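The structure under discussion appears below in the form of structure tokens.
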Amino acid sequence: MRYLYILLVLIVFVGVFCLIWYLNSRTKKPDDCGELPEECKHCSVTICKNHPKDQKTEEKK
Amino acid sequence: MEVITSLLVVFITAMITNNIVLTTGYGICSYIGVSKNRKSAFGMGVALVFVVFMASLVSYFLEMLLVALNIEFMQTICFILVIASLVQLVEMIVKKFLPSLYKSLGIYLPLITTNCVVLYVTKQICDVETILTGLGLSGSLANNGFFNFLFAMVYALGTGLGYFVCIVLFSTIRTKIDYSPVKRGFYGAGIALVTTALMALTITGLAGIF
């Protein structure tokens, strides 16, 4: 019975996540917003934005 | 009256004296990353407060369900799924209704999922007695289910708002730093971390108030 509960809980939560993820992926992005470039997909990158115009290199003084 | 005072103590402690970023260092990634711009910092703060509060609300009842089903060890994985779903929901709302904020938040919006602050708070509120004992508030209040729930929600809100206040204040300071002469070795993240350390010293100095 315990394994059945575990399975049920997992199915429900993964199902809810998948549904919201699907709805999110179908929501239209704002104009001009493309996918993030590969080099921006890391936690340490602090200069990347969703809008291509905002992609800039860090200025040095 | 005792309840209101206790709630106020929990709220202020979570928000200021035990500020999660400055005392534990959780969530420092987005804190350093998004604080370059005040508008982005504000948006990130609001998004995080929303996610922390909603995740805590869901997690509190979810924990009860897991205990009832005798599968408490599923806590972490269930909480992660709840947080991930909520972040997707927030991203959807921001994308639809606040396009300018979506553009400025960039990668940090989906990264709330991996923000330690959210998981830390959701796991903390499942053990309210420990929070209250830590603040010297354990007593008759700690055994009341409704008050436990109330304390948990106030703690979650206070922690989220603590992050919000911290990131907005820091973004304001960073704007000033951008126009200040900074030594070459300290430029960027270096001076940001030194400033954060100074802020943490200031905050921890208030720890004895409550």
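Protein sequence lines, in the order shown, are assigned to chains L and V. For the record, in the first sequence the residue sitting at position 50 is 50 according to our numbering, with numbers rising by one throughout. For the record, in the second sequence the residue sitting at position 152 is 1152 according to our numbering, with numbers rising by one throughout. Glycine included, every Cβ here is placed at the ideal spot set by N, Cα and C. Predicted, not measured: the structure shown is a model, and the values here were computed from it.
Using beta-carbon positions only, say whether residue i and residue j come within less than 8 angstroms of one another.
i, j, result
"F1047/V", "L1109/V", "A small correction: the amino acid at residue 1047/V is Ala; Phe does not occupy that position in the sequence shown. Against a cut-off of 8 angstroms, the Cβ pair of L1109/V and A1047/V comes out as a contact."
"V963/V", "G1158/V", "Only positions 1001 to 1210 of chain V appear in the structure, and residue 963/V is not among them; the question remains open."
"N1019/V", "G1185/V", "no"
"Y1155/V", "A1014/V", "yes"
"I1125/V", "A1152/V", "yes"
"L1119/V", "I1080/V", "yes"
"L1150/V", "L1057/V", "no"
"Y1031/V", "F1146/V", "no"
"V1052/V", "G1160/V", "yes"
"K1176/V", "P30/L", "no"
"S1059/V", "V1082/V", "yes"
"F17/L", "A1084/V", "yes"
Which stretch, first to last residue, makes up the alpha helix (DSSP H) that contains residue i?
i, result
"S1030/V", "1028-1034"
"N1148/V", "1145-1178"
"I11/L", "2-26"
"F1224/V", "Given that chain V is displayed from residue 1001 to residue 1210, the structure contains no residue 1224/V and the question cannot be resolved."
"M1199/V", "1189-1204"
"L1078/V", "This sequence places Cys at residue 1078/V; Leu is not what is there. Segment 1075-1097, the alpha helix (DSSP H) holding C1078/V."
"E1129/V", "1128-1134"
"T1023/V", "1020-1024"
"K1123/V", "1116-1124"
"T1267/V", "Past the boundaries of the shown model lies residue 1267/V; chain V is included only from 1001 to 1210, so the question cannot be answered."
State the CB to CB distance for the pair residue i and residue j, rounded to an integer number of angstroms; the pair is presumed to be in contact (CB under 8 angstroms).
i, j, result
"C1116/V", "G1045/V", "With 8 angstroms as the limit, C1116/V and G1045/V do not qualify as a contact, their Cβ atoms being about 16 angstroms apart."
"M1092/V", "L23/L", "6 angstroms"
"A1041/V", "I1167/V", "5 angstroms"
"M1074/V", "L1086/V", "Contact flag wrong, Cβ pair sits at about 18 angstroms."
"I6/L", "I1071/V", "6 angstroms"
Taking its Cβ as the centre, do 16 or more other Cβ atoms sit within 10 Å of residue i, making it buried, or is it exposed?
i, result
"Y1179/V", "exposed"
"S44/L", "Summary for S44/L: the model assigns pLDDT 46, below 50, so the residue's position carries little reliability, and this model does not support an answer."
"T1122/V", "buried"
"K1095/V", "buried"
"T1196/V", "buried"
"T57/L", "Residue placement at T57/L is flagged as unreliable, the pLDDT there being 46, under the threshold of 50; a coordinate-derived value is accordingly withheld."
"R2/L", "exposed"
"T1076/V", "exposed"
"C1078/V", "buried"
"T1017/V", "buried"
"G1033/V", "buried"
"A1207/V", "exposed"
"E1129/V", "exposed"
"I1112/V", "buried"
"L1193/V", "exposed"
"T1005/V", "exposed"
"L1035/V", "The identity of residue 1035/V in the sequence shown is Ser, whereas the question assumes Leu. Its Cβ being crowded by 16 or more others within 10 Å, S1035/V is buried."
"E1063/V", "buried"
"L1198/V", "exposed"
"K61/L", "Below a pLDDT of 50, predicted positions are generally treated as unreliable, and K61/L, at 42, falls in that range; the measurement from the model is reported next regardless. Exposed, by the Cβ-count rule."
"F1097/V", "exposed"
Compute every distance between the C-beta of residue i and the non-hydrogen atoms of the ligand SAH, then say whether any falls below 7 angstroms.
i, result
"M1074/V", "Looking at this structure, you won't find the ligand SAH or any other ligand, since it has none at all."
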